[in-house]
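Throughout, this note's numbering is defined as the position within the sequence shown, counted from one, plus 9. Since the structure comes first, as structure tokens, the remarks are kept for the end.
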Amino acid sequence: MSNAQNVDPGQIRSVILEIIDGLLKEYTHLQSGAVLQRAASRIGRSGGLQTEQALLASFYDLFRTGYLSWGADLANPSPPFCHVTALGRRALAQRSRDPANPDGYLSHLRSQAAVGPVAESYIREALNTFNTACFKATAVMVGAAAESLVLGVRDALLARLQTLGQSVPSGLADWRIKRVLSTVEATLVVKKAVMPTTLFERFEANWPAFTHQIRTARNDAGHPVSVDPVTGDEVHASLLIFPQLAALATQLRDWIGSDYV
């Protein structure tokens, strides 16, 4: 990896995960030194102490967020031995798009949908907070990104209705996102006969589930009634389904802009 001084934490984490995945194919256990030395060789040392400390921080973040844990077995329970947890194994199985690998996740997201700068900015921050175990913040950021997608569909619907000279349901202009969601859903459901079958089936099956899951996590995190209102698994799930919601929102915007009548 060239110019190590410009390597960001997301790139470092991606390299570490790739190395861990490779080591597990060769050995039954891991040692921290082996992981770090291989990662340093891949990243390069031209950045000096700053790069080395960034590598250490990214590596130990994987312990803090539950992807790695110390010890290989009861006979070797302490550092430098370590192992991949169940959460870590799931991340490695989908390493190219797991939130633990921000670069891979964003690449996957862009391949699935046209995401605007507002939604992407919130998702970038969601990935940062997720990988530092700030799960309440992650839930809020993913919820905001999801709302941005919903508002994009709303805006496309408003523009199309105005172009066609049709009346605009009052709920589309409501300041409450819950009402906007229900109005968008009601306005599109009645177009079943003219919407492509596959798109309507995806919309009918997934739109309520996606938006409910993400908004519930966001709302739980935003109301201080519990010490741990959301868990790492919950926000991990929200991040994993977000690209599917983004893809559906993109398809709906495209159809509304060209074929909604």
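The beta-carbon is built from N, C-alpha and C at its ideal position, and this holds for glycine as well.
- Residues of the same chain with a CB within less than 8 Å of the CB of Pro217, apart from the 5 flanking positions on each side, are Glu194 in chain order.
- Taking 7 Å as the cut-off, the Cβ atoms of Ser41 and Pro89 count as close.
- Leu77 is bridged by DSSP to Val93.
- In the DSSP assignment, the residues bridged to Leu39 are Cys91.
- The beta carbon of Leu170 is closer than 7 Å to those of Val177 in its chain, skipping five residues each way along the sequence.
- A Cβ-Cβ separation of about 5 Å places Ser23 in contact with Asn110 under the 8 Å criterion.
- In the displayed model, Asp183 falls within coil according to three-state DSSP, outside both helix and strand.
- DSSP places Asp164 inside the alpha helix (DSSP H), whose first and last residues are Phe144 to Leu173.
- Bounds of the alpha helix (DSSP H) holding Ser116 are Pro111 to Gln121.
- For Pro178, no alpha helix (DSSP H) segment is defined, and its DSSP state is neither H nor E.
- For the options Ala81, Arg47 and Arg119, the alpha carbon positioned closest to that of Ile25 is the one of Arg47.
- Checking the DSSP bridge columns, you'll see Asn85 partnered with Asp82.
- In this structure, the beta-carbon distance from Ala258 to Val162 falls below 7 Å.
- By the neighbour-count criterion, in which 16 or more other beta carbons inside 10 Å mark a residue as buried, Ser105 falls on the exposed side.
- Residue burial annotation: Leu83 is exposed, with fewer than 16 other C-beta atoms found within 10 angstroms of its C-beta.
- Each of Val270, Asp164, Glu61 and Leu45 was checked against the Cα of Gln175, and the nearest Cα belongs to Val270.
- Where Arg133 is concerned, the enclosing alpha helix (DSSP H) starts and stops at Pro126 to Phe139.
- Apart from sequence neighbours up to five positions away, the residues of its chain that approach Leu101 with a beta-carbon distance below 6 Å are Asp30, ordered along the chain.
- Of all alpha-carbon atoms in Leu248, Leu160, Leu173 and Thr37, the one lying nearest the alpha-carbon of His92 is that of Thr37.
- Per DSSP, the continuous alpha helix (DSSP H) segment holding Asp268 begins and ends at Gly241 to Asp268.
- Contact holds between the region 131-144 and the region 69-79, because three or more Cβ pairs, one in each stretch, are under 8 Å apart.
- Ranking Glu213, Leu173, Gln20 and Gln103 by CA distance to the CA of Leu64 puts Gln20 first.
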